[in-house]
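A quick write-up on the structure given underneath.
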Amino acid sequence: MRSQTDTSLPATTINRSMTLGEWGMLLTLSVLWGGSFFFTEVAVKELPPFTIVVLRVGLASVILFAALRLLGVRMPRERRVWAAFLVMGLINNAVPFSLFVWGQTQIASGLAAILNATTPLFTVLVAHVLTDDEKLTGKRFAGVVAGLGGVFVMIGPAALEGFGLAVLAQFACLAAALSYAFAGIFGRRFKRMGVAPLATATGQVTASTLLLLPLALVVDRPWTLAMPGLPTVGAILGIAALSTALAYVLYFRILATAGATNLLLVTFLIPVSAIILGSLVLGERLDPRHFLGMGLIGIGLAAIDGRLLGLGRRRSLSERRSARETQRPDPEIDQGRDL
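Using UniProt numbering, the first residue of the sequence shown is number 1, and each one after it goes up by one.
Shown next as structure tokens:
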């Protein structure tokens, strides 16, 4: 369940068209991250939120440590790095994961995934305030306005009638997206520290496990819970192994080969995957206003990303250039006329 566009880690900028294989990895990543909302929807029927999140990050930590050992990647031991891991684990895993899981006790997985797609909108605003090199432009501001307009459309008039649990759940998901945005800015430091990307992922899920385990023991008292059924066990394994550990491996692979700009496209695809899974498997149904809101968020993301608008401008320039070439006199014909 990640912003799932994780701008928190090194941003390799490679501006080129993706290969078929990279598109395949991107689509797979969108299904894995979209699947996290599906797995959560299954698990919350039998397990409380903190227990779900602890199991998710704890199992993912074990898997990622095994991957590090297999790949020969060294895990840093410096105190300052682990202090940064603790902060990152808090704002990039513990807080947003817990908010999304609690939110899904009240709202559909597809709606939670759509609200997750607001992460880049918040990132633009946070970056404007906290950084010197990513100030808000007119185009990005228009994108943020369109995206937040989509959020208001989705939450609907219920927000004006009183804060019921469903409305609070939607605001919890928005708070999670905002937490991801802060993580996106904070996480830049790991590249400067020389920490390998996969080590960063491993460190933050390990730190979030250490942070959440005492809370889960006190609040959820997991030893008092009934043994969950096979669907719930499968959902926990899926969200840990597939939607967290494998998703991070794919994330860094795409980041290295296609770049951060192309990787941002996954933001558009995650809600689609989550809505399809929720509809086909869980029988969820979203209101028309949710799809209208998703459309406005998509327009906002497109404005922030800029490539779709840039593609239209390039096509227009290409067409005008082609028209001028067509209208230009053929030298050979002119020479024939002179004869």
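A virtual CB, placed ideally from N, CA and C, is assigned to each residue, including glycine. All values derive from a computational prediction rather than experimental measurement.
Shown here, T28 sits in a helix according to DSSP, grouped into three states. The alpha-carbon separation between A176 and Q170 amounts to approximately 10 Å.
Looking from the CA of S61, the closest CA among L32, M18, W102 and Q204 belongs to Q204.
A straight-line Cα-Cα distance of about 8 Å links V195 and M75. As the crow flies, the alpha-carbon of Y251 is around 35 Å from that of W223. Taking a 10 Å sphere around the C-beta of R77, we find fewer than 16 other C-beta atoms and assign the residue as exposed. The beta carbon of P271 sits closer than 8 Å to the beta carbons of G34, G110, A113, I114, N116, A117 and M294 from its chain, once the five residues preceding and following it are set aside; these are given in chain order. Judged by DSSP secondary structure, I91 falls outside any alpha helix (DSSP H); it is assigned neither H nor E. In the displayed model, T206 falls within a helix according to three-state DSSP. With a cutoff of 8 Å on beta-carbon distance, A274 and F38 are scored as near each other. Residue environment analysis places A216 among the buried positions, since at least 16 neighbouring C-beta atoms fall within 10 angstroms of its C-beta.
Non-local beta-carbon contacts of L32 in its own chain, meaning distances under 8 Å to residues more than five positions away in sequence, involve L242, S243, L246, A247 and L250 in chain order. Between the region 146-156 and the region 90-99 there are fewer than three C-beta pairs closer than 8 Å, too few to call the two in contact.
Taking a C-beta distance under 8 Å as the contact criterion, V219 and F50 qualify as a contact pair.
Residue range S109 to N116 is occupied by the alpha helix (DSSP H) that includes S109. Its Cα nearest to that of Y180, the residue L99 stands out among T206, L210 and L99. Judged by DSSP in its simplified three-state form, A172 adopts helix. A108 is the residue among A108, E46 and I254 whose C-alpha sits nearest the C-alpha of C173. Assignment of V145 by DSSP, reduced to helix, strand and coil, places it in the helix class.
E46 is the residue among R189, G184 and E46 whose C-alpha sits nearest the C-alpha of G234. Positions of the alpha helix (DSSP H) runs, each at least 4 residues long and wholly inside the region 200-253, are given as 230-237 in order along the chain.
Residue range V95 to G103 is occupied by the alpha helix (DSSP H) that includes P96.
Under the three-state reduction of DSSP output, T131 falls in the coil class, being neither helix nor strand. Of the candidates K135, P120, A166 and P214, the residue whose Cα lies closest to the Cα of G58 is P214.
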